[in-house]
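**Student:** In my numbering, the protein residues as written are -10 to 302.
Yeah, the Cβ is synthetic: ideal placement off N, Cα and C, and Gly gets one too.
As the structure is a computational prediction, the values presented were derived from the model and not from experiment.
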């Protein structure tokens, strides 16, 4: 067991980034397709194909989900993923070709490195070429390359962050995993203690974003310049509606690890993929959703820890 999203059979993860420009892309590919749901909680999301994931709409499975930096510019990355998947023959069959179904969410990292460097079609295609089921880099890689947390006092006081993953398997064989790119406005906590977030000007201590905010007379700046995005994956069989519910429950994990979360300043978005390997006659949505919140919390914590272990930033 790898204790990350690669523990889900049938999933490939590929990443590419520009360490100088401080941006990147992460793609989760499911060659056989997976049922997918999404839950958007932040007020400033940048997304693609999320309407298609509404349970009332017809498309049941997706072929990949993309996470990237670049703000709205980064939505171009999905085109590179679609090109790669079409060449592989992975997509919705329409007779003359296949149409890959590729939802995406982006985070804001333009102010971190070179704002002219964005995840594009070429970078995403490279990420697809790197896709595998053995190695997953965490920290300042892929969509987490230019991620930061603790934005209350500007760039001089934030803490570097990244992308992290965690998975747990129950005795009945059900595995739930999370892959989260953490670029939150708020602080990241572990066991109630801030481990990454807004620092004082001397960068000697954290100032506690939530407490400081509540003493302010007006709303802070950095509107739309944050966002935590991620993918929950499970080998349990779920419907689109159930996947959406699990994605919603996974946001509880963000709320446990990030203070404050889901603000007007964030575009927090979580997808949930179900590969359908394990079927159950008993209701399992609450089981999977509860575990999704647990692994999401741990993935957030790993994202900032792995990023701060690295010398790449």
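1) Report the three-state DSSP secondary structure of residue 250 (helix, strand or coil).
2) Thinking C-alpha only, which one of 160, 111 and 171 is nearest residue 95?
3) For residue 98, which of helix, strand or coil comes out of DSSP?
4) Residue -4 and residue 164: beta carbons closer than 7 Å?
5) Quick one: what does DSSP say residue 241 is sitting in, helix, strand or coil?
6) Considering only residues of the same chain and omitting the five flanking positions on each side of residue 68, which have a CB-CB separation below 8 Å?
7) What number of angstroms, rounded off, separates the C-alpha of residue 302 from the C-alpha of residue 139?
8) Less than 8 Å between C-beta atoms, sequence neighbours within five positions excluded: which residues of the same chain meet that for residue 2?
9) Give me the Cα-Cα distance between residue 106 and residue 130, rounded to the nearest whole angstrom.
10) Of all the beta strand (DSSP E) runs that stay within the bounds of the segment 66 to 95, which reach a length of 3 or more residues?
11) Any idea which residues DSSP pairs residue 267 with across the strands?
12) Determine the burial state of residue 216: buried for a count of at least 16 other Cβ atoms within 10 Å of its Cβ, exposed for fewer.
13) Do you know offhand how far residue 300's Cα is from residue 72's?
14) Using 7 Å as the threshold, is the C-beta distance between residue 288 and residue 235 below it?
15) Can you name the start and end residues of the beta strand (DSSP E) that residue 16 belongs to?
16) Output the distance between the C-alpha atoms of residue 255 and residue 25, rounded to the nearest integer angstrom.
17) Is it buried or exposed, residue 231, if we count other Cβ atoms within 10 angstroms and call 16 or more buried?
18) Under 8 Å by Cβ, that's how I've got residue 134 and residue 12 pegged, so tell me the actual separation to the nearest angstrom.
19) Using C-beta distances below 7 Å, list every residue in its chain close to residue 286, excluding the 5 sequence neighbours before and after it, in chain order.
20) Let me check understanding here. Comparing Cα to Cα, which of 268, 214 and 229 lies closest to residue 100?
21) How many Å lie between residue 22 and residue 86 at the Cα?
22) Assess, as a yes-or-no matter, whether the segment 136 to 154 is touched by the segment 26 to 38 under the definition of 3 or more beta carbon pairs within less than 8 Å.
23) Where does residue 107 fall in DSSP's three states?
24) In the DSSP assignment, what are the bridge partners of residue 260?
25) Classify residue 148 as helix, strand or coil using the three-state DSSP reduction.
**Tutor:** Judging by the given coordinates:
1) In the structure shown, residue 250 sits in coil (DSSP, three-state: anything other than H, G, I, E or B).
2) It is 171 whose Cα lies nearest to the Cα of residue 95.
3) coil
4) At the C-beta level, residue -4 and residue 164 come within 7 Å of one another.
5) helix
6) 110 and 113
7) Residue placement at residue 302 is poorly supported in this model, since its pLDDT is 41, which falls under 50; the coordinates are not used for a value here.
8) -6, -5, 15, 16, 17, 18, 120, 121, 122, 125 and 168
9) 15 Å
10) You should have 93 to 95.
11) 225
12) buried
13) At residue 300 the pLDDT is 46, less than 50, meaning the model places this residue with poor confidence and gives no usable figure here.
14) The answer is no: Cβ separation not under 7 Å.
15) 12 to 29
16) 22 Å
17) buried
18) 6 Å
19) Counting only Cβ-Cβ distances below 7 Å, and skipping sequence neighbours, we find 242, 245 and 246.
20) 214
21) 16 Å
22) no
23) coil
24) In the DSSP output, where bridge partners are listed per residue, residue 260 has 27 and 220.
25) strand
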